[in-house]
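Since the structure comes first, as structure tokens, the remarks are kept for the end.
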Amino acid sequence: MMKCKNEPTDNQILLARFAKAMGHPTRIAILDFLLKQENCYFGDIHEELPIAKATVSQHLKELKDSGLIQGEVETPKVKYCINKENWVIAKELFGNFFQNDNLISTKCCK
Numbered sequence: 303m304m305k306c307k308n309e310p311t312d313n314q315i316l317l318a319r320f321a322k323a324m325g326h327p328t329r330i331a332i333l334d335f336l337l338k339q340e341n342c343y344f345g346d347i348h349e350e351l352p353i354a355k356a357t358v359s360q361h362l363k364e365l366k367d368s369g370l371i372q373g374e375v376e377t378p379k380v381k382y383c384i385n386k387e388n389w390v391i392a393k394e395l396f397g398n399f400f401q402n403d404n405l406i407s408t409k410c411c412k
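Put into structure tokens, the structure is as follows:
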């Protein structure tokens, strides 16, 4: 039986950061929208979503802080896109996490 360490690994911390950022349906919608674009401006995102500008800004901040997206100021606008490097890392971490299970061989909660 594998023992858990007291401290989470760097990959576990990063995976949790990505998961937290993706933990709201509006953020998933923003990511989905950005995945279909090379890049876009704040106004484009706001037009796509039926919510207040301040709320869009808050969700963009969460996604940017997690590293899943990046923003670039092009005065007077801000342009957003997927952070491709971190997107690849997130895909790998989530993939490994969901592939690494023993559910098939365990007898728990029938």
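For the sequence shown, this note's numbering assigns the number 303 to the initial residue and increments by one for each residue that follows.
No residue lacks a Cβ here, since even glycine has one placed at the ideal position from N, Cα and C.
Assign residue i to one of two classes, buried (16 or more other C-beta atoms within 10 Å of its C-beta) or exposed (fewer than that).
i	result
A356	exposed
A323	buried
Q401	exposed
M303	Summary for M303: the model assigns pLDDT 49, below 50, so the residue's position carries little reliability; its value from the coordinates is reported in the next sentence. Its Cβ having fewer than 16 others within 10 Å, M303 is exposed.
E394	exposed
E374	exposed
E349	exposed
Taking residue i and residue j to be in contact with their CB atoms under 8 angstroms, please state how far apart those CB atoms are, rounded to whole angstroms.
i	j	result
L362	A392	Not really, about 17 angstroms apart at Cβ, beyond 8 angstroms.
L316	F399	Rounded, the Cβ-Cβ distance is 11 angstroms, inconsistent with contact.
Y382	I330	Between I330 and Y382 the Cβ distance is about 15 angstroms, and since that is not below 8 angstroms, they are no contact.
Among the options, which residue has its Cα nearest to the Cα of residue i?
i	options	result
S359	F396, I332, L316	I332
I353	E364, K366, R319, T328	T328
L336	F396, G397, K386	K386
T377	R319, G325, F344, I330	F344
Counting along the chain, where does the alpha helix (DSSP H) carrying residue i start and finish?
i	result
I353	Careful: I353 lies outside any alpha helix (DSSP H) and carries neither H nor E.
K393	386 to 401
Q314	312 to 323
T377	Where T377 is concerned, there is no enclosing alpha helix (DSSP H), given that its DSSP letter is neither H nor E.
L337	327 to 337
Three or more beta-carbon pairs under 8 angstroms between the stretch 336 to 347 and the stretch 310 to 320, yes or no? With a cut-off of 8 angstroms on Cβ pairs, the stretch 336 to 347 is not in contact with the stretch 310 to 320, counting fewer than three such pairs.
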